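Protein chains: 4
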Amino acid sequence: MLDRSAKGVFVIAPTPFLPDGELDLASADRMTEAFIAAGAAGITILGVMGEAPKLTEQESLTFAERVIRRVAGRVPVVVGASAPGFAQMRAIARGAMERGAAGIMVSPAPGLKGDEAVISYIAQAMEVVDAPFVLQDYPQLSAVTMTAAMIARMAADPRLVMLKAEDWPGLDKLTSIRRLEAEGKMPRLSILGGVGGQFLPEELARGADGIMTGYAFPEMLVKVCELMWAGKRDEAQDLFDAHLPLIRTEVQPGLGLAIRKYVLKRRGIIAHDTLRAPAPKLTPETMGEVDYLLARLARTQPLAAAA
Amino acid sequence: MLDRSAKGVFVIAPTPFLPDGELDLASADRMTEAFIAAGAAGITILGVMGEAPKLTEQESLTFAERVIRRVAGRVPVVVGASAPGFAQMRAIARGAMERGAAGIMVSPAPGLKGDEAVISYIAQAMEVVDAPFVLQDYPQLSAVTMTAAMIARMAADPRLVMLKAEDWPGLDKLTSIRRLEAEGKMPRLSILGGVGGQFLPEELARGADGIMTGYAFPEMLVKVCELMWAGKRDEAQDLFDAHLPLIRTEVQPGLGLAIRKYVLKRRGIIAHDTLRAPAPKLTPETMGEVDYLLARLARTQPLAAAA
Amino acid sequence: MLDRSAKGVFVIAPTPFLPDGELDLASADRMTEAFIAAGAAGITILGVMGEAPKLTEQESLTFAERVIRRVAGRVPVVVGASAPGFAQMRAIARGAMERGAAGIMVSPAPGLKGDEAVISYIAQAMEVVDAPFVLQDYPQLSAVTMTAAMIARMAADPRLVMLKAEDWPGLDKLTSIRRLEAEGKMPRLSILGGVGGQFLPEELARGADGIMTGYAFPEMLVKVCELMWAGKRDEAQDLFDAHLPLIRTEVQPGLGLAIRKYVLKRRGIIAHDTLRAPAPKLTPETMGEVDYLLARLARTQPLAAAA
Amino acid sequence: MLDRSAKGVFVIAPTPFLPDGELDLASADRMTEAFIAAGAAGITILGVMGEAPKLTEQESLTFAERVIRRVAGRVPVVVGASAPGFAQMRAIARGAMERGAAGIMVSPAPGLKGDEAVISYIAQAMEVVDAPFVLQDYPQLSAVTMTAAMIARMAADPRLVMLKAEDWPGLDKLTSIRRLEAEGKMPRLSILGGVGGQFLPEELARGADGIMTGYAFPEMLVKVCELMWAGKRDEAQDLFDAHLPLIRTEVQPGLGLAIRKYVLKRRGIIAHDTLRAPAPKLTPETMGEVDYLLARLARTQPLAAAA
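Chains as they are written, first to last, in my numbering: chain A, 46 to 352; chain B, 46 to 352; chain C, 46 to 352; chain D, 46 to 352.
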């Protein structure tokens, strides 16, 4: 269900909590429907944005099961399984695959040094996971560099089906990978962009097959993809530009997830914007700024989710 | 000439080079005129964007002298003097002030640990510089955190006149400082925003007196300030939003300066987009992306500089 | 059972694994006896050295229960509960205290910025843990700085009973804390040194009440404490110096735990030197170097554990 | 004068200052004589320990000229030329070679990401320097990883004559390089150990040709090399062990250089222990600890330098 031909918008889902910090499974259902209604080609859960390190293994599997059951095969569900040890990674990956996940996403462990150490780590992780593998390239968080040439070597393992490309800046790397593929030096991967959607038009023009991000208006991401693929670049850029102020607000490090949950709540997609502690709180000023941007967006885009 | 009432757009100038890497003083003149024509309230040189660590002390002073002479007192010139040792900081600061600089900008040394160490370092730097002092708060580069309460303590020294506020995210800190001032807990500083202009409307709404950044269309920054101060927030945001795609492109770490020099060259403001080695080179794809954004901007904004 | 008068050697215990990576509870028993026989005043489990991030919550509690039951009240057991979220921290802390732990050790979360943020985090952690609290000051790993003045403020909460002082260099900070205590500016804490034992004589001379470390010959640490407290500094230093080559070998970042488990296995204290993957493997050359140092030590110190 | 057969102890010299921070050239002479009298096979100046980033270009060359003139060809002098830009690197390298330096030492620029970027940077630096090249591998400071395989590729350029190997832990890397050489996969380099001398016996046993470090008793380093090469490992270790407490004290990050200058002053090798600001100051407690260790050493080793 997840292979190297995957394309479109994979929405990264947050983990909704009740005000007391417990899992909010009702919101999980509603959110799942909203993302599918928005045109998601896939859903990704338990990534950084899913507060995965703050969940117990049991909570992770409970939430995964709920989302996968609700999706009911309509789109593939990718489950994040990055962990300090391979034992936990295996437990999450197996549990998720048994419950119907389509693939497992892993980021190299922070602190890996030198190309060979990174390649070796990912090779081991693919053995541990033993399922369709999504490689997350997010050096702003992992502090691990993966060049196009390194990814080409990793892609010799057929389990590596998808690259979540969110190095920053990363557009030239995306071009380099597509060039290596065109030269026959590596198999063609599904590549989805990231970095919060900040470079979606450029990513698609460079050859990305779509994007995997948690921007709170996934229907815009879907529409931009359609316009780009229809050759309507100016129209795509016009739509993208209308959202860029909010995108910019959501990618602020340390604060972005709180803003996204606030927007998703305002859209009625989740019931509460609770984050698990420790976590930042939005000030009234920040909420006012987001409200202002939402009001501007509402002139052209319905605030309420389609679902 | 630089005091706590300073406001407006201080343009951060790059250091122009000839293709062989030597100082391009003719471009320095042209650039200076262009920035003043664009409405700059001040010009800042020899910052990070000025490739200051790649200049000899003599080159730094030669360039500073040229810019200051050309400005001829029309606006204040701020000169960056961050250095690994206080001896060099003093040499640059004295040399610049003797040549007519209005103030000196310093960032805390990377690696300082703990609030007291940072406060002590800045107190010493103010002694060393002994001139109107601009504190650069740019933790993405310095890895040094300065809270509102710390800045309040530093502001007890009357030489601290201006804060270049570019923590990211940093809007709530800006609000906290203005609150401490309103409560009489610290004197009122001139605060200029930063982070490449990405949050200019919000910074102004939070109480910034302007912005200090090197975005390649400073006339837009000037106009946004005017509109905001005239209470025309929607118009300000409309103009800002039109530039945000290019702003986003210019703030990419490691690549941004190369893009800015490319845009300034295309605008005729500097003759060459040379960076001193080691430095990244723009790919044709990146240049194409910038060209596309410039063409879109040109519909509403003249590409050629006013000067 | 753990209060501000605690003193002596708290041995940091590794988590023993069978060759297949499962918990080795028989070794846990043997190790516990060996450490008590060596003169430990306390045992600390589930710290960094205990590979805690690679254990599931259930494994952590199983291991804690086994050690605590074996200790049977002879010495206090401190349990590490650092975690990305407070929910997990609470779960481990409560589980450990219910099983008979004497206190809980927590390190500030990596990435905290500014003194106030750190103080606030620890205040919240003390609420979450709500038990005798051991503050781990290990900035080489956490990248969080805690000055003497910050620790003084934290110590206003009576739950903070012990500081594991392993900043590096950290001796002047230790002196500063003891000075603040002497001046009545903070209550007297139990302070145990760390950094692998590298500065044990100096730590004791500066006022530490003992040491908390995992050096594989805890009986030496105990003896050095006794000699120092008996005023026999030269003798203490002589004994310490004999072990310093091995101490130096054990503190190598990334490699140290593998070496410690190897030594503990050679001493018969644990059955296997298995680390959970991903983990480094010792080369024959490294094992040879350790063997050589053990042979030299054996001239003065029995290799086999007393237990 | 510096080639791939170089061996022995290259002493890293500090830059002596007068109490007012000016260069102390008289101490430079005395220090140079002391290091040669101690048996130095070479002298390295303007490294990290030489406070090079705190010197102007002119001061650097003045100091280099003084040391080189005093050495008068008795041993090779290596000059550090790491710099943010290649223009400065070239200026220091040329100036030093014209004055009689034997080689130039460079560390990869901090922030380089990925093996290829590092290899490319060093290739460019060798072009810039165009002289016998000493590669400094000190990732604790540069945050750049260089594996054995990367160094093998760099060694294809015959200008790379020496590796200053101070990764930590780095002994297995040293073995890997010697293995690649033995397998004919790279030419044999001169490899000198480092990390303050902490692993000198092991480095030599692993195949290092000597050591390049600034430990304040270079005559011990020389003697340990001689004993190791004469097959007297136990004697070498005995001598080394006697110094390890002081070595351990000198390698403390941020504090080490102040301690080394203090010891060199106490030995009469330099006149003042001045560091250029900003710099840490030794507390009386730290000085007392160093004095105690010096007194212990004096039982077996004369405190006063031979020169």
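Cβ coordinates follow ideal geometry from the N, Cα and C atoms, glycine included. No experiment lies behind these values; they were computed from the predicted model shown.
How close, in whole Å, do the beta carbons of residue i and residue j come, if the pair is a contact with beta carbons under 8 angstroms?
i                 : j                 : result
Ala97 of chain C  : Ser105 of chain C : 6 angstroms
Leu219 of chain C : Ala210 of chain C : 6 angstroms
Arg305 of chain A : Phe62 of chain A  : Actually they are not in contact, since the Cβ atoms of Arg305 of chain A and Phe62 of chain A sit about 13 angstroms apart, beyond 8 angstroms.
Gly125 of chain B : Thr89 of chain B  : 7 angstroms
Leu245 of chain D : Leu216 of chain D : The Cβ separation is near 11 angstroms, so there is no contact.
Leu205 of chain B : Leu237 of chain B : Contact doesn't hold; Cβ gap of about 13 angstroms is too wide.
Ala132 of chain B : Ala176 of chain B : That belief does not hold up - the Cβ atoms of Ala132 of chain B and Ala176 of chain B are roughly 16 angstroms apart, past 8 angstroms.
Glu110 of chain C : Ala136 of chain C : About 14 angstroms; that fails the 8 angstroms criterion.
Glu247 of chain C : Ile256 of chain C : Rounded, the Cβ-Cβ distance is 11 angstroms, inconsistent with contact.
Of all the options the options, which has the alpha carbon lying nearest to the alpha carbon of residue i?
i                 : options                                : result
Ala287 of chain A : A:Pro153, A:Arg341, A:Gln169           : A:Arg341
Gly333 of chain D : D:Gln346, D:Ile315, D:Leu291           : D:Leu291
Pro263 of chain D : D:Gln185, D:Arg49, D:Arg115, D:Ala79   : D:Ala79
Pro323 of chain B : B:Gly313, B:Leu100, B:Asp212, B:Arg223 : B:Leu100
Phe285 of chain A : B:Arg251, B:Thr345, B:Leu289           : B:Leu289
Ala44 of chain C  : C:Val163, C:Pro214, C:Gln185           : Any property of residue 44 of chain C remains undetermined from this structure, which presents chain C solely from 46 to 352.
Gly87 of chain C  : C:Ile149, C:Asp160, C:Ala194           : C:Ile149
Met231 of chain B : B:Ala350, B:Met195, B:Gln346, B:Glu161 : B:Met195
Ala350 of chain A : A:Ala261, A:Glu330, A:Ala275, A:Gly276 : A:Ala261
Arg144 of chain C : C:Ala250, C:Arg115, C:Thr345           : C:Arg115
Arg49 of chain C  : C:Pro298, C:Ala200, C:Thr107           : C:Ala200
Residue i versus chain E: which residues are under 9 angstroms apart at the beta carbon?
i                 : result
Gly159 of chain D : In the structure shown, chain E does not exist; the protein chains are A, B, C and D.
Can you list, in chain order, the residues of its chain whose CB lies under 8 angstroms from that of residue i, leaving out five sequence neighbours each side?
i                 : result
Ala154 of chain A : Ser127, Pro129, Tyr166, Ser187, Val189
Ile315 of chain C : Pro59, Pro61, Asp69, Ser72, Arg75, Met76, Lys306, Leu309
Asp202 of chain D : Ala168, Met171, Phe178
Val120 of chain D : Ile81, Ala85, Ala86, Gly87, Ile88
So what does residue i bridge to, in DSSP terms?
i                 : result
Asp182 of chain C : C:Ala210
Ser235 of chain C : C:Met207
Phe62 of chain C  : C:Leu68
Phe55 of chain C  : C:Gly87, C:Met257
Please confirm whether any heavy atom of the ligand ZN lies closer than 7 angstroms to the CB of residue i.
i                 : result
Thr294 of chain B : As presented, the structure is devoid of all ligands, the ligand ZN included, so that no description of it is given.
Tell me which residues share the same chain as residue i and place their Cβ nearer than 6 angstroms to its Cβ, disregarding the 5 neighbours each side in the sequence.
i                 : result
Thr319 of chain C : Phe62, Pro64
Gly92 of chain A  : Ile57, Gly125
Met94 of chain A  : Ile57, Pro59, Gly259, Leu302
Ala141 of chain D : Ala109, Val124
Does the beta-carbon distance from residue i to residue j come in below 8 angstroms?
i                 : j                 : result
Asp254 of chain A : Ala51 of chain A  : yes
Val123 of chain C : Ala147 of chain C : yes
Cys270 of chain C : Val56 of chain C  : no
Arg312 of chain D : Leu348 of chain D : yes
Val240 of chain B : Val296 of chain B : yes
Arg223 of chain B : Gly252 of chain B : yes
Leu300 of chain D : Pro184 of chain C : no
Leu193 of chain A : Leu225 of chain A : First, the amino acid is wrong: residue 193 of chain A is Ala here, not Leu. Yes; because the gap between Cβ atoms is below 8 angstroms, this pair is in contact.
Ala343 of chain B : Leu327 of chain B : no
Asp212 of chain D : Asp182 of chain D : yes
Leu338 of chain C : Met207 of chain C : no
Val151 of chain A : Met134 of chain A : yes
Going along the chain, which residues of its own chain have a beta-carbon closer than 7 angstroms to the beta-carbon of residue i, five neighbours each way excluded?
i                 : result
Glu280 of chain A : Leu272
Lys268 of chain D : Leu284
Gly66 of chain D  : Thr319, Arg321
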